[in-house]
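**Student:** Mind the numbering: the sequence shown is residues 1 to 63 in the UniProt record's numbering, read in order.
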Amino acid sequence: DNRIAVPYNSQIRMIVTAADVLHSWTIPSISVKIDATPGRLNQVSFLLNRTGIFFGQCSEICG
1 DNRIAVPYNS
11 QIRMIVTAAD
21 VLHSWTIPSI
31 SVKIDATPGR
41 LNQVSFLLNR
51 TGIFFGQCSE
61 ICG
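1) For Trp25 and Ser59, I'd like the C-alpha separation in whole angstroms.
2) Starting from Asn42, follow the beta strand (DSSP E) in both directions and report where the run begins and ends.
3) Roughly how many angstroms separate the alpha carbons of Arg13 and Gln57, rounded to a whole number?
4) So what does DSSP say about Ser10, is it helix, strand or coil?
5) Could you pull the start and end residues of the beta strand (DSSP E) that Ser59 belongs to?
Structure (structure tokens):
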């Protein structure tokens, strides 16, 4: 597993892509979801205004 630490009460911007097939990634507890598409850069922005440990997970059947 890989972890990232982000500052409290900060605007976060994530840019994702995929090298192989369509992927989708979500952090359900803060209602964030983004697709990773081969050949395309997708972005999502959100304000993380609470502290804690938030778990991301795959949300697309791929392969």
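The C-beta atom is built at its ideal place from N, Cα and C for all residues, glycine as well. Note that this is a predicted model, so its numbers are computed, not measured.
**Tutor:** Result, derived from the coordinates:
1) Position 25 of the sequence shown, counting from 1, holds the residue named residue 25. Position 59 of the sequence shown, counting from 1, holds the residue named residue 59. Between the alpha carbons of Trp25 and Ser59 lies a distance of about 5 Å.
2) Here residue 42 is taken as the residue at index 42 of the sequence shown, counted from 1. Residue range 42-48 is occupied by the beta strand (DSSP E) that includes Asn42.
3) Numbered from 1 along the sequence shown, position 13 holds the residue referred to as residue 13. Numbered from 1 along the sequence shown, position 57 holds the residue referred to as residue 57. In a straight line, the C-alpha of Arg13 is about 18 Å away from that of Gln57.
4) Locating residue 10 in the sequence shown gives position 10, where the first residue counts as 1. Taken through DSSP and simplified to helix, strand or coil, Ser10 comes out as strand.
5) Translated into positions along the sequence shown, residue 59 becomes position 59. That residue, Ser59, is in no beta strand (DSSP E); it is neither H nor E in DSSP.
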